[in-house]
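Below you can see the structure in the form of structure tokens.
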């Protein structure tokens, strides 16, 4: 794929398909021992990649958790040193998808609203991840999506919240904290029935790939 080892900050500057290739490289690096060989990776659409190997057929769909809409708002608010101010543009002024909880939180009145526990970053992060999985469950069910015997959803956690930092290498305490958050997400995805459609949900952060399936949530460096 040609993007192995590229830092997340540099990957964010790539075009869409190259960012998807970077996500695939990160996931493959921690999944090699579970795969069959020889393995071929095919660029595709709906899903973004098809993996084929003897006795193995996997469809991989990629998604950046922070949408283009929020990036545009951040650009327009670049002179304001805050991520929670109400933007000048409002829903209805542009044909954007405002269902992402990040955007809803950005538009919420000061003091928060029900469902986000005020400014609780864990609650917001969990809401965003559940939203992303639900959005892609709708996509996998559409006509023309080539569902495979095994389907993997790669989520790029491309905007870690300031109060919810990523676990770094050797940071055992932070990794344990994240494990607790991932266990909460795993329980909610199980309750939602998400693993019926996506047999694995992998969340790619700067240094970690968190892999969730019907059995467990686990981290790989």
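Numbering (our numbering), first residue to last: 317 to 537. Built from N, CA and C at the ideal position, the CB exists for glycine as well. Every value quoted in this text rests on a predicted model; they were computed, and no experiment measured them.
Sorted by chain position, which residues of the same chain lie with C-beta nearer than 7 angstroms to residue 376's C-beta, five sequence neighbours on each side aside?
-> 340, 363, 364, 365, 367, 468 and 470
Residue of 359, 446, 333 and 353 minimising C-alpha distance to residue 381 = 446
Residue 453 to residue 506 span [Cα, whole Å] = 13 angstroms
Could you check the C-alpha separation between residue 521 and residue 473 for me, to the nearest Å?
-> 5 angstroms
Within 7 angstroms, strictly: CB atoms of residue 465 and residue 444 | no
Count the other CB atoms, across all protein chains shown, that sit within 10 Å of the CB of residue 449; report buried if there are 16 or more and exposed otherwise.
-> buried
Can you tell me where the alpha helix (DSSP H) with residue 382 in it begins and where it stops?
-> Element bounds for residue 382: n/a, residue is neither H nor E.
For residue 442, which residues of its own chain have a beta-carbon under 8 angstroms away from its beta-carbon, when the five flanking residues on both sides are left out?
-> 497, 500, 501 and 504
Beta-carbon separation (whole angstroms), residue 337 vs residue 317, contact threshold 8 angstroms = 5 angstroms
Give the DSSP bridge partners of residue 368, in chain order.
-> 356 and 373
Candidates 379, 353, 357 and 358, of which the one nearest residue 371 by Cα | 353
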